[in-house]
Amino acid sequence: MRSFVIAAMATTMLTTAATAADITIKFSHVTAESTPKGQMALKFEELVEERLPGRVDVEVFPSSQLYNDDASLPALIFDDIQLVAVSLSKFKKYTPSLQLFDLPFLFPDMAAVDRFQASPEGQELLDSLDGTGIVGLGYLHNGMKQLSANTPLIEPDDADGLKFRIQASDVLAAQFEALGGTPLKKPFSEVFVLLQTKAIDGQENTWSNIYSKKFHEVQEHITVTNHGVIDYLVASNEEFWNGMPDDVKPVVEEALQEAIGYGNALAQSIDDEGRVNVEASGYSTVHELTPEQRALWVEAMRPVWAQFEDEIGPELIAAAAQSSGS
Ligand code: LMR
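When you line the sequence shown up against my numbering, it's residues 34 to 359, in that order.
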């Protein structure tokens, strides 16, 4: 009987040890599966589960199913989730320097964003969350932002008096205030209903986000402004990430970098496709700006740089402007 009890205890301990060795990585994000972020997350899940079967389980929660972005960073710090890809516009509470990416008309296109992120200054920014419990692991692209509203936005004065939904960013608030608009910080998951009910007049986002969340169905006009960027910091809980066993961590890290590369390679075509789909849907009129009209938007928004120069750091802004040729 005694030996039976000992055998039973040993079995229980073995089972517990086997279960404890299994690692779950919960990856929570806010966009649709069809977006670059959605595709990157699914690729990461596929690669990790193929390479570490039964050892690591990746659970992806898209479309704010688990958390919206504001809640996901505290959830990451508390280790309720282990991976996020949060817009660089939403880190103000944790670091001032990532606000750089919100400066209007800093990057002319995604190639310029790429060049800056690959530079020593750009790579250093990945560590800007050190000490917060969050570890920055890489940059993931979405695309350039366009402006939409229910009235045509052709010149900056057209935005005067309108309410715009923005991400949780003081720079973006200043950008719309510079136009005479009223910015409202709201979660991505609420934008469609806010537009549908006309609680807000407009918003700014990428083609793939506009199309996949159906914003174009409740916005009569979209202007091709490419005035800013939506890009993400892929990040984990520092203790979790660095605490993964030695035989697991390098495999997960490699899979993550491959998945980021995969998402980044797809980003431009997904965004282009979003535009084609929006135009084909016939819901909204898409407006192209003349060079003169575009110059007026630059002139109206550009003073925002000076407002945030001290917080972000003039050297950093200069380095980004140089990689952009802006
Ligand atoms: C937004 O809130 O508009 C974006 O940050 C959503 C996203 O993750 O692309």
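Virtual Cβ for every residue (Gly too), placed ideally from N, Cα, C.
Just so you know, these numbers come straight off a predicted model, no measurement behind them.
Just the Cα atoms here: how many angstroms apart are residue i and residue j?
{"i": "D142", "j": "W330", "result": "16 Å"}
{"i": "K125", "j": "E272", "result": "22 Å"}
{"i": "Q355", "j": "V89", "result": "42 Å"}
{"i": "L139", "j": "F149", "result": "11 Å"}
{"i": "P69", "j": "F209", "result": "27 Å"}
{"i": "A292", "j": "N101", "result": "22 Å"}
{"i": "E342", "j": "E83", "result": "46 Å"}
{"i": "Y337", "j": "P137", "result": "Looking at the sequence provided, one finds Val at residue 337 rather than Tyr. Their Cα atoms are separated by approximately 8 Å."}
{"i": "G294", "j": "L212", "result": "36 Å"}
{"i": "G358", "j": "A151", "result": "15 Å"}
{"i": "E287", "j": "G171", "result": "12 Å"}
{"i": "E66", "j": "W274", "result": "24 Å"}
{"i": "D163", "j": "A144", "result": "27 Å"}
Considering only residues of the same chain and omitting the five flanking positions on each side of residue i, which have a CB-CB separation below 6 Å?
{"i": "L180", "result": "L186, E237, T256 and T258"}
{"i": "G235", "result": "S181, A182, L195 and F197"}
{"i": "K59", "result": "E92, I114 and Q115"}
{"i": "S97", "result": "V63 and S222"}
For residue i, I'd like the list of residues in its chain whose CB is within less than 7 Å of its CB, leaving aside the five on either flank, ordered along the chain.
{"i": "L133", "result": "I345, L349, I350 and A353"}
{"i": "S105", "result": "S61, I114, V117 and V119"}
{"i": "E154", "result": "L349 and A352"}
Just curious, the beta strand (DSSP E) that residue i is in, first and last residue?
{"i": "V93", "result": "V89 to F94"}
{"i": "G235", "result": "G235 to N238"}
Near residue i, what residues of its chain come up, given a Cβ to Cβ distance below 8 Å and the 5 sequence neighbours on each side ignored?
{"i": "D305", "result": "W240"}
{"i": "T318", "result": "P185, E253, H254 and I255"}
{"i": "K123", "result": "D102, D103, L106, Q200, A201 and S202"}
Got a sec, what are the start and stop residues for the alpha helix (DSSP H) residue i sits in?
{"i": "F221", "result": "Note, F221: premise wrong, no alpha helix (DSSP H); not H, not E."}
{"i": "A206", "result": "D203 to E210"}
{"i": "N310", "result": "K282 to S314"}
{"i": "S161", "result": "Careful: S161 lies outside any alpha helix (DSSP H) and carries neither H nor E."}
Contained beta strand (DSSP E) runs [length at least 3] in the region 166 to 196, N- to C-terminal order: Counting only runs that start and end inside the region 166 to 196, the beta strand (DSSP E) elements of at least 3 residues fall at 167 to 177 and 179 to 182.
Sufficient close CB pairs (3 or more, under 8 Å) joining the region 235 to 252 to the region 75 to 93: no
Minimum length 3: unbroken beta strand (DSSP E) runs contained in the region 106 to 142: 116 to 120
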